[in-house]
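Quick note: the sequence shown uses our numbering, first residue 749, plus one each step.
In this text, a Cβ means the ideal position worked out from N, Cα and C, and glycines have one as well.
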Amino acid sequence: MALCVVSYEDRLEAMDSLILMGESLCRVDSSVLLRLTVPDAPQSVLSWAASRPQQVEISTARPEGVRGWDVKPWLLLQELNAGRHEAMWLDDDIIVTGPISSLIKTFPPDSVIVAQEWDTLFAPWAPPMSHYWGMRSGRRMPTINACVLRVCQSHRPLLERYLEMTKDPAYREVQARPMDQRPRHMLGDTPILTAALESEQFSDMPFDCLLFGKHIAQCAGSSGYPPAHRFLDLFRGLPPLIHGIGRKPWDPLQASRPIERFMLDFATDLSPYVLASKKVAKTLNLNAEWLEPRTVPGALLRGLTGGHPALAGLPLAILHSFQSRGDRPVDKVKEDKAASA
Ligand SMILES: [Mn+2]
């Protein structure tokens, strides 16, 4: 049976990324059914979905009582309520380069599957979070990223609790604030899921992580896809999932100093997520400004490497790894984490 993958988008500026995720997924994995919920779907999204009638279903219905990323447990419950054995959420700022249905089959069938977070090498364990929600802690959780979330029928109580937490008035109030003003346990929906899985109630529920590096490149600026992984991937191929976390390449830059602006533009030019997106876009004749180089050195490195998602940014990743070695200010980690979604 096809693996049902769900995703959602309600930001007009992110519609190209939704198309690119869907196209990349369908192209490498014929064993998935992609069910998209896009309340304000523009014609471009509707036309693309219509071009993949065997694999893509699109709904423009607006989910009731949930917004933004909080739609995740709601959509997954819908699929389980409809009788599906399993369902999987996928963020739409991801490019898929390998069949994920077969990758998922390598994990135990009754495990919740999420992804390791980009800073898992520096901070393998998440701070305790369940007590913030009045729940007793039952186990220690690693740092995870809920950009991928595979669940099955036995996980319904977890999803119901997760959904209930997204409706908590205090959480909703915090979500209206800018990222840098949110407490860590309420940065977004990943800490909620972490708190629920950590709690005594769900501490027996098995979970597994897609591995940082082997299964997923977590592209947070120049970190999140370290030089060693990039080298290895030249031989073993790109990881099946390339996730563009942090600042989105289609969002306007906030930097005020010219050098800061240049460095951010340069890093964006070489972002594995942007480069992988560009390759998919080319086959669709999809033109978007955010895929184009913004700096001369960025354009040069793209040209020299054929725009290879791992290789083009390798020099910058090496520089970054030396620069950040042994010097990771807590605030920076918090700030980068805040930008992850
Ligand atoms: Mn994401």
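Excluding the 5 residues flanking it on each side, T938 has same chain C-beta neighbours closer than 7 Å at I892, N893 and A894, in chain order.
Nearest in C-alpha terms to N829, of all of S778, S765 and H903, is H903. In the DSSP assignment, N893 falls within the unbroken beta strand (DSSP E) covering I892 to C900. Of F955, H833, I964 and L1032, the smallest CA-CA separation from P890 is found for F955. Note that the region 818 to 829 does not touch the region 788 to 807; fewer than 3 beta-carbon pairs, one per stretch, sit closer than 8 Å. With contacts defined by Cβ atoms closer than 7 Å, L1039 and K1026 form a contacting pair. Of the candidates F960, P987 and Y756, the residue whose Cα lies closest to the Cα of P1057 is P987. Boundaries of the alpha helix (DSSP H) around M763: M763 to V776. V896 has its alpha-carbon roughly 7 Å from the corresponding atom of M836.
Counting only runs of at least 3 residues, the region 879 to 964 fully encloses the following beta strand (DSSP E) elements, listed from N- to C-terminal order: 892 to 900 and 955 to 958.
The Cβ atoms of V1022 and P997 lie closer than 7 Å to each other. In the DSSP secondary-structure assignment, L781 is bridged to C752. Per DSSP, the unbroken beta strand (DSSP E) holding W837 starts and ends at E834 to L838.
Classified as exposed, F983 has fewer than 16 neighbouring CB atoms from the shown chains inside 10 Å of its CB.
Cβ-Cβ distances below 7 Å link A863 to I892, N893, C895, V896, C957, L958 and I964 in the same chain, with the five nearest sequence neighbours on each side left out; the list follows chain order.
Per DSSP, the continuous beta strand (DSSP E) segment holding S807 begins and ends at V804 to S807. Here W822 is actually not in contact with L935; their C-beta atoms are around 20 Å apart, not less than 8 Å. For W866, the secondary structure class from DSSP, reduced to helix, strand or coil, is coil.
Judged by DSSP in its simplified three-state form, I993 adopts coil rather than helix or strand. The Cβ atoms of L751 and S885 lie no closer than 7 Å to each other. The alpha-carbon separation between L760 and D916 amounts to approximately 27 Å. Rounded to whole angstroms, the separation of the alpha carbons of M953 and H833 is 17 Å. Within 6 Å of the C-beta of C895 there is at least one heavy atom belonging to ligand 1.
In the three-state reduction of the DSSP assignment, V844 falls in the strand class, which pools E and B. Looking from the CA of C967, the closest CA among R920, T1016, R932 and F979 belongs to T1016. Contact check for V819 against L782 fails: the beta carbons are separated by 7 Å or more. The beta carbon of P975 sits closer than 7 Å to those of L1062, A1065, I1066 and S1069, all from its chain and outside the five residues before and after it, given in chain order.
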